[in-house]
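Residues in the sequence shown are numbered from 1 upward in steps of one, following full-length UniProt numbering. Where a beta carbon is used, it is the ideal one built from N, C-alpha and C, also for glycine. Computed from a predicted structure; not experimentally measured.
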Amino acid sequence: AQAKVDQSSARQPCEHRITRQEKLRTTLHIFDRFASRRGALPKLPHSFIGLIGLSARYDSSGNRGSYKSTIIHSMPPSQSAQLAAAAAAGVGLGIIATLSFQRGARREPDEDDEDDHGAARARVWRSIGGAVTAAQLYVGDKLGLYASLKFLCETAYAATPEDLAFHANIDERWAREWLAQQAAAGFVKLLPGTGDSRLRFRLKRAYADVLADPNHEEYDISLVRMVPALVQRARTALPEAFRSGRGVAYDDEDISRAIDDAHAKHIRLVLLPVVLGKLGSIVGRLERGGAIADLGCGGGNLVIALARRFPLAKVVGFEVSDTALAVARKRLAAAKLPNASVVDARETPMGAAGPFDLVTTYDVLHDAPKPEQLVEEAAAALAPSGVWLLGDMAARDGVRENVEQHPGAATMYAFSTCLCMACALSEPGGRGLGTLGFSERVAREMVLGRGLFTECRVLHEADNTRWFEVTR
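If you want it as structure tokens, here you go:
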């Protein structure tokens, strides 16, 4: 290989390819960075909305009666032919999109001009460009191409298509086309030269951190694994859902892992060091013992984190998704924490297992068909002096405020139709809150309006998540 890596080390999978299950963190701000660098996708919403525009499928809470199950269907069996087809389609459309961008996609549209066809076409192509670029991100992550590039660039500053093909064990022609698209998109840098006889590409450190280093605080690519599922779902389930008004449930391991690991970053960087510190005396009580329940625990990341943070306390996760329960039990078995467990809430309701000093609920209520039932469950399980730590999307108050003020509204509403609202309407009489439906006003009305709690105050807001402290 041109990187002058000896054969034995070049053939060894790098660290980040070995830990593939941990190579998950949210990809949203990758698109923001791409947009600000290239100008082709001025805002994240336009880039991610393109996924839905082509046909999207983003799952939400399949078998789970009232809980959110964090899961997405991945591309059907990861055979090389399917991956090659996805990459080829993405590159082909990406080339067309680039030509369109060069013909005026970067100009600012006049929102008051109803006859500005150029602006209309530009917006469409920004969305298409975001979609097919996300497909390339998906392939790069799935095949470990970013991890290989990171290793090669740390070793020899830059890499040729031959280097990448050798190290990642892929075909050289495919490596060259993928690198060309990544360079045009701004994720890698094409180094200066003449002609195509010796193309050299560099993955800059910031992009290596975001795309290829699971241990870095800026690592942020996990949600790109939703792309095939988003595309597939819009082709299949959503048209009928739109016509009938009935939602779409979800329960899939790939979606679960993607969202769970996106949550893991927030738990590690925000919830444990910042939010818990604002809870007051309850923290000291849990350090001496007590009991904690995680309502809608998904894959068990928060259960494990809390069990490690409070080793003398009992921590129990409650879940109804079969897939999520299987993932959580596997993770807990590997963690070997004697104070942590997860149970099927259909068999053991949380109220019957209490009382608990702390109940946590993270990113669940806006997806739940019957969120009021979860409020009742939390109240039934909580000790008289206990605290309910409730985290959900940092939504504005109503459609107008979200559209006009929320910087990610287009993306969030797209997620909602594909996943969150779809899940929240998956049962008869579902509330259908959706991704941006659980605002401060809705939270207080739902939590305080039933007479079960007396206070609901905002503790902290970060990473598009708002944390409430709820007490009796």
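State the Cα-Cα distance for the pair residue i and residue j, rounded to the nearest angstrom.
i: Glu461; j: Gly277; result: 14 angstroms
i: Val458; j: Leu433; result: 19 angstroms
i: Asp112; j: Val403; result: 17 angstroms
i: His46; j: Tyr413; result: Bear in mind that the predicted position of His46 carries a pLDDT of just 37, short of 50, making it unreliable; the figure below should be weighed with that in mind. Distance between the alpha carbons of His46 and Tyr413: 12 angstroms.
i: Asp213; j: Asp220; result: 9 angstroms
i: Gln373; j: Val139; result: 40 angstroms
i: Ala249; j: Gly296; result: 15 angstroms
i: Arg308; j: Lys265; result: 16 angstroms
i: Ser127; j: Thr361; result: 34 angstroms
i: Phe468; j: Asp367; result: 17 angstroms
i: Pro371; j: His216; result: 35 angstroms
i: His117; j: Trp125; result: 12 angstroms
i: Lys336; j: Arg400; result: 48 angstroms
i: Ser197; j: Asp260; result: 44 angstroms
i: Gly290; j: Gly317; result: 15 angstroms
i: Gly129; j: Val274; result: 37 angstroms
i: Glu154; j: Ala183; result: 18 angstroms
i: Val132; j: Ala122; result: 15 angstroms
i: Lys330; j: Phe310; result: 21 angstroms
i: Gln405; j: Pro349; result: 39 angstroms
i: Ala234; j: Leu152; result: 38 angstroms
i: Ile170; j: Leu149; result: 13 angstroms
i: Asn195; j: Ser256; result: Here the sequence assigns Gly to residue 195, which means Asn is not the residue at that position. Each residue's alpha carbon lies about 45 angstroms from the other.
i: Thr411; j: Ala119; result: 20 angstroms
i: Glu114; j: Leu452; result: 51 angstroms
i: Ala241; j: Ala134; result: 25 angstroms
i: Asp163; j: Gly144; result: 14 angstroms
i: Gly284; j: Phe438; result: 30 angstroms
If the criterion is Cβ atoms closer than 8 angstroms, does the pair residue i and residue j meet it?
i: Ala409; j: Leu365; result: no
i: Pro294; j: Leu325; result: Here residue 294 turns out to be Asp, not Pro, going by the sequence shown. No, the Cβ-Cβ distance between Asp294 and Leu325 is not below 8 angstroms.
i: Ala328; j: Gly299; result: yes
i: Gly247; j: Gly430; result: yes
i: Ser426; j: Pro384; result: no
i: Cys423; j: Ala443; result: no
i: Ala381; j: Pro355; result: yes
i: Ser222; j: Ala185; result: no
i: Ile282; j: Val387; result: yes
i: Arg418; j: Leu230; result: Arg is not the amino acid found at residue 418; the sequence shown has Cys there. Yes.
i: Leu269; j: Glu287; result: no
i: Asn464; j: Ala394; result: yes
i: Trp178; j: Gln136; result: yes
i: Glu172; j: Ala165; result: yes
i: Val320; j: Arg346; result: yes
i: Thr323; j: Glu253; result: yes
i: Tyr146; j: Leu238; result: no
Please report the Cβ distance between residue i and residue j, rounded to the nearest whole angstrom; I am assuming they are in contact, meaning their Cβ atoms lie under 8 angstroms.
i: Ala378; j: Val359; result: 5 angstroms
i: Asp357; j: Ile292; result: 7 angstroms
i: Pro161; j: Leu190; result: About 11 angstroms; that fails the 8 angstroms criterion.
i: Asp392; j: Arg466; result: 6 angstroms
i: Asp397; j: Glu440; result: 7 angstroms
i: Leu389; j: Leu272; result: Incorrect: roughly 12 angstroms between the Cβ atoms, too far for contact.
i: Ala158; j: Arg202; result: 4 angstroms
i: Val375; j: Arg450; result: 6 angstroms
Three or more beta-carbon pairs under 8 angstroms between the segment 295-310 and the segment 336-355, yes or no?
Counting C-beta pairs with one atom in each stretch, the segment 295-310 and the segment 336-355 have three or more that are closer than 8 angstroms, which means they touch.
Would you call the segment 121-141 and the segment 223-233 touching, i.e. three or more CB-CB distances under 8 angstroms?
Yes: the two stretches touch, three or more of their Cβ pairs being nearer than 8 angstroms.
Every unbroken alpha helix (DSSP H) within the segment 143-199, with a cutoff of 4 residues, ordered by chain:
Fully enclosed alpha helix (DSSP H) runs of 4 or longer: 145-156, 161-168 and 172-185.
Are the segment 200-211 and the segment 172-187 touching by the rule of at least three beta carbon pairs closer than 8 angstroms?
Judged by pairs of C-beta atoms under 8 angstroms, the segment 200-211 touches the segment 172-187, as three or more such pairs exist.
Let me know the alpha helix (DSSP H) ranges lying completely inside the segment 422-449, each 4 residues or longer, listed in chain order.
Whole alpha helix (DSSP H) segments, 4+ residues: 440-448.
Considering only residues of the segment 217-294, which uninterrupted alpha helix (DSSP H) runs meet the minimum length of 4 residues and lie entirely inside it, listed in chain order?
The segment 217-294 contains these whole alpha helix (DSSP H) runs: 227-244, 253-266 and 281-287.
Mind listing, in chain order, the continuous alpha helix (DSSP H) runs of no fewer than 4 residues lying wholly within the UniProt domain "Methyltransferase type 12" (294-387)?
Complete alpha helix (DSSP H) runs here, min 4: 301-309, 322-335, 350-353 and 371-381.
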